[in-house]
Amino acid sequence: MAFTLRQLQYFVAVAELGSVSRAAQNLSISQSSVTEAVKELESDLGVTLFERHPRGLTITHKGHQFLRHATKILAEVSDARTTFSREQEWAGGRLQLGVTSLVAGYVLSDLLARYRRAFPGVDVGAIEDNGDYLEHLLVGGELDVAVMVISNLRDRMALQAEILEVSPYRLWLPLGHALGDAEIIGINDIVSEPLIMLTVDEIEENTGKLLAALGARPHVAFRTRSVEAVRSLVATGAGIALLPDLVYRPWSLEGDRIESRDISGALPVVQVGMVWRRGSSLPQAARDFIGIAQGQRSIRQR
Numbered sequence: 001m002a003f004t005l006r007q008l009q010y011f012v013a014v015a016e017l018g019s020v021s022r023a024a025q026n027l028s029i030s031q032s033s034v035t036e037a038v039k040e041l042e043s044d045l046g047v048t049l050f051e052r053h054p055r056g057l058t059i060t061h062k063g064h065q066f067l068r069h070a071t072k073i074l075a076e077v078s079d080a081r082t083t084f085s086r087e088q089e090w091a092g093g094r095l096q097l098g099v100t101s102l103v104a105g106y107v108l109s110d111l112l113a114r115y116r117r118a119f120p121g122v123d124v125g126a127i128e129d130n131g132d133y134l135e136h137l138l139v140g141g142e143l144d145v146a147v148m149v150i151s152n153l154r155d156r157m158a159l160q161a162e163i164l165e166v167s168p169y170r171l172w173l174p175l176g177h178a179l180g181d182a183e184i185i186g187i188n189d190i191v192s193e194p195l196i197m198l199t200v201d202e203i204e205e206n207t208g209k210l211l212a213a214l215g216a217r218p219h220v221a222f223r224t225r226s227v228e229a230v231r232s233l234v235a236t237g238a239g240i241a242l243l244p245d246l247v248y249r250p251w252s253l254e255g256d257r258i259e260s261r262d263i264s265g266a267l268p269v270v271q272v273g274m275v276w277r278r279g280s281s282l283p284q285a286a287r288d289f290i291g292i293a294q295g296q297r298s299i300r301q302r
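Take 1 as the starting number for the sequence shown in UniProt numbering and just add one per residue.
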């Protein structure tokens with residue numbers, strides 16, 4: 001029996017949200033439907049996609065590999081539907097994009113690939129920089145649209161934003177860390193741990209505020225602008241990290257395992273979205289890009 005698109009949707013939801021209950025809630029269906037779909041998918045593929053344990057599910061290496069294929073299949077199906085649901089603008093044009101470094105490889109790459117497939121005649125230019133500078137370029141009319149972290153968007157009077165993804169902070173641990181077996185992990189449990197700090201966008205600011213609210217200075221073992229460096233350092237036991245789930249992957253480049261755990265209490269979230277100048281007459285290429293991004297968001301919410 002071949003797997004179905006619905007099974008892929010359910011699998012992607014579980015993989016991205018980290019649990020069957022969250023996936024079921026997001027999809028507005030029963031947990032048993034999600035569980036059965038994942039089991040049927042595993043049976044069809046002949047591999048184990050998730051490791052089951054008392055705390056929930058952990059995606060396996062095979063599952064992580066298949067996740068890339070599943071998201072690509074769903075995106076292709078969405079593109080096919082778009083092709084027949086509305087006329088495509090195959091004429092030329094130019095799109096000037098901005099992107100912050102945190103989301104460049106985690107949101108923009110797939111989004112831009114879908115846009116180029118749908119509108120191959122458009123000349124796309126992109127610039128990567130910090131959020132403040134991208135806001136300046138948007139207000140000045142030098143960019144059409146930016147894909148960026150919008151949680152702390154400064155100029156909301158001049159700029160319009162639409163959320164694409166909301167990502168909560170989670171704790172990254174090396175395999176075998178003592179906190180990995182704890183049923184509940186609180187912020188107080190991690191204050192004394194060496195912290196690997198990511199210094200891009202608002203991540204360092206948010207992490208610092210979170211720990212400072214406890215009256216304790218974080219024990220920062222290493223600061224880096226590279227997410228891959230954070231992965232490697234955590235996986236080899238150099239420290240732990242508090243990062244948005246958006247950038248979590250269960251394996252470092254060296255193939256070492258990284259665990260991800262929820263933290264009890266009120267943690268900030270990272271909002272990733274599209275931003276453009278309020279009241280501006282967007283070119284057709286920019287309107288099409290926004291439409292593609294809205295379609296990708298709807299896939300994630302199914």
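Don't be surprised by glycine CBs; every beta carbon is placed ideally from N, CA and C.
Keep in mind that this is a model prediction, so the values were computed, not measured.
Residue environment, residue 197, which counts as buried when at least 16 other CB atoms sit within 10 Å: Mapped onto the sequence shown, residue 197 falls at position 197. Buried, since its Cβ has 16 or more Cβ neighbours within 10 Å.
Nearest to residue 40 (by Cα), restricted to the options 137, 16 and 8: Numbered from its first residue, the sequence shown carries residue 40 at position 40. With distances taken between CA atoms, residue 40 lies nearest to 8 out of 137, 16 and 8.
Residue burial classification, residue 5 (beta-carbon count within 10 angstroms, cutoff 16): Taking the sequence shown and counting its residues from 1, one reaches residue 5 at position 5. Flag for residue 5 reads exposed.
Burial state of residue 135, where buried means 16 or more other Cβ atoms lie within 10 Å: As a first step, residue 135 is located in the sequence shown; it is residue number 135 there, counting from the start. It is buried - the Cβ of residue 135 has at least 16 other Cβ atoms within 10 Å.
Limits of the unbroken beta strand (DSSP E) element including residue 53: For the purposes of this step, residue 53 is taken as the residue at position 53 of the sequence shown. Taken as a continuous stretch (DSSP letters only), the beta strand (DSSP E) holding residue 53 covers 50-53.
Close-in-space but distant-in-sequence residues of the same chain around residue 238 (CB under 8 Å, 5 per side omitted): Reading the sequence shown from its first residue, position 238 is the one you call residue 238. Spatial neighbours of residue 238 in its own chain (CB-CB distance under 8 Å, excluding positions within 5 residues in sequence) are listed in chain order as 194, 196, 221 and 222.
Residue 27, enclosing alpha helix (DSSP H) - first and last residue: For the purposes of this step, residue 27 is taken as residue 27 along the sequence shown, with counting starting at 1. That run of the alpha helix (DSSP H) goes 20-27.
Where the alpha helix (DSSP H) containing residue 132 begins and where it ends: The count along the sequence shown starts at 1 and reaches residue 132 at position 132. According to the DSSP assignment, residue 132 belongs to the alpha helix (DSSP H) that extends over 131-139.
Unbroken beta strand (DSSP E) run spanning residue 224, endpoints: Along the sequence shown, one-based indexing puts residue 224 at 224. Residue 224 -> beta strand (DSSP E) spans 220-224.
Helix, strand or coil at residue 202 [DSSP, three-state]: Stepping through the sequence shown from its first residue, residue 202 is reached at position 202. If DSSP states are grouped into helix, strand and coil, residue 202 belongs with coil.
Residue 169 beta carbon less than 8 Å from that of residue 243: Sequence index remark: in the sequence shown, residue 243 carries index 243 (1-based). Sequence index remark: in the sequence shown, residue 169 carries index 169 (1-based). In this structure, residue 243 lies near residue 169, with their beta-carbon atoms less than 8 Å apart.
Same chain only: Cβ atoms within 8 Å of residue 159, ignoring 5 sequence neighbours per side: Within the sequence shown, numbered from 1, the residue matching residue 159 stands at position 159. Counting only Cβ-Cβ distances below 8 Å, and skipping sequence neighbours, we find 135, 138, 139, 153, 275, 276, 277 and 278.
Counted within 10 angstroms of its Cβ, other Cβ atoms place residue 144 as buried (16 or more) or exposed: Working through the sequence shown from its first residue, we reach residue 144 at position 144. By the 10 Å Cβ count, residue 144 comes out buried.
Spatial distance of residue 128 from residue 263 (CA atoms): Position 128 of the sequence shown, counted from the first residue, corresponds to residue 128. Position 263 of the sequence shown, counted from the first residue, corresponds to residue 263. Between the alpha carbons of residue 128 and residue 263 lies a gap of roughly 31 Å.
Burial state of residue 186 (16 or more Cβ within 10 Å): The count along the sequence shown starts at 1 and reaches residue 186 at position 186. When all chains shown are included, residue 186 counts as exposed.
Distance between residue 248 and residue 111 (C-alpha atoms, nearest Å): Reading the sequence shown from its first residue, position 111 is the one you call residue 111. Reading the sequence shown from its first residue, position 248 is the one you call residue 248. Straight-line Cα distance between these residues: approximately 18 Å.
Residue 169 - DSSP class collapsed to helix/strand/coil: Here residue 169 corresponds to residue number 169 of the sequence shown, with the count starting at 1. Strand, per DSSP.
Beta-bridge partners of residue 245, as assigned by DSSP: Residue 245 sits at position 245 when you count from the first residue of the sequence shown. Residue pairing of residue 245 in beta bridges, as defined by DSSP: absent, with no partner found.
Residue 123 - containing beta strand (DSSP E), residue span: As a first step, residue 123 is located in the sequence shown; it is residue number 123 there, counting from the start. Bounds of the beta strand (DSSP E) holding residue 123 are 122-128.
Proximity of residue 11 and residue 47 at Cβ, strictly below 8 Å: In the sequence shown, residue 11 corresponds to position 11, counting from 1. In the sequence shown, residue 47 corresponds to position 47, counting from 1. No, Cβ-Cβ distance for residue 11 and residue 47 is not below 8 Å.
Residue 107, DSSP secondary structure in three states: In the sequence shown, counting from the first residue as 1, residue 107 sits at position 107. Residue 107: helix per DSSP, three-state reduction.
In DSSP terms, what residue 67 is bridged to: For this step, residue 67 is matched to residue 67 along the sequence shown. According to DSSP, which records beta bridges pairwise, residue 67 is partnered with nothing at all.
Supposed close pair residue 149, residue 181 - CB separation, criterion 8 Å: Here residue 149 is taken as the residue at index 149 of the sequence shown, counted from 1. Here residue 181 is taken as the residue at index 181 of the sequence shown, counted from 1. Between residue 181 and residue 149 the Cβ distance is about 33 Å, and since that is not below 8 Å, they are no contact.
Secondary structure of residue 287, DSSP reduced to three states: Here residue 287 refers to the residue found at position 287 when the sequence shown is read from its first residue. Secondary structure at residue 287: helix, using DSSP grouped into helix, strand and coil.
Rounded C-alpha distance that separates residue 172 from residue 96: The residue labelled residue 172 in the question sits at position 172 within the sequence shown. The residue labelled residue 96 in the question sits at position 96 within the sequence shown. Between residue 172 and residue 96, the C-alpha separation is close to 35 Å.
Proximity to residue 255 [Cα-Cα], best of 287, 18 and 65: Reading the sequence shown from its first residue, position 255 is the one you call residue 255. Closest by alpha carbon: 65.
Cα-Cα separation, residue 288 to residue 190: Counted from its first residue, the sequence shown places residue 288 at position 288. Counted from its first residue, the sequence shown places residue 190 at position 190. One C-alpha to the other measures close to 45 Å.
Residue 60 beta carbon less than 8 Å from that of residue 67: Working through the sequence shown from its first residue, we reach residue 67 at position 67. Working through the sequence shown from its first residue, we reach residue 60 at position 60. No, Cβ-Cβ distance for residue 67 and residue 60 is not below 8 Å.
Residue 35: first and last residue of the uninterrupted alpha helix (DSSP H) it sits in: In the sequence shown, residue 35 corresponds to position 35, counting from 1. Annotation for residue 35: the continuous alpha helix (DSSP H) segment containing it runs 31-45.
Reduced DSSP category for residue 259 - H, G, I as helix; E, B as strand; rest coil: Reading the sequence shown from its first residue, position 259 is the one you call residue 259. Residue 259 falls in the strand class under three-state DSSP.
Rounded separation between residue 28 and residue 16 - CA only: The sequence position of residue 28 within the sequence shown is 28, counting from 1. The sequence position of residue 16 within the sequence shown is 16, counting from 1. Our two residues, residue 28 and residue 16, have alpha carbons roughly 16 Å apart in a direct line.
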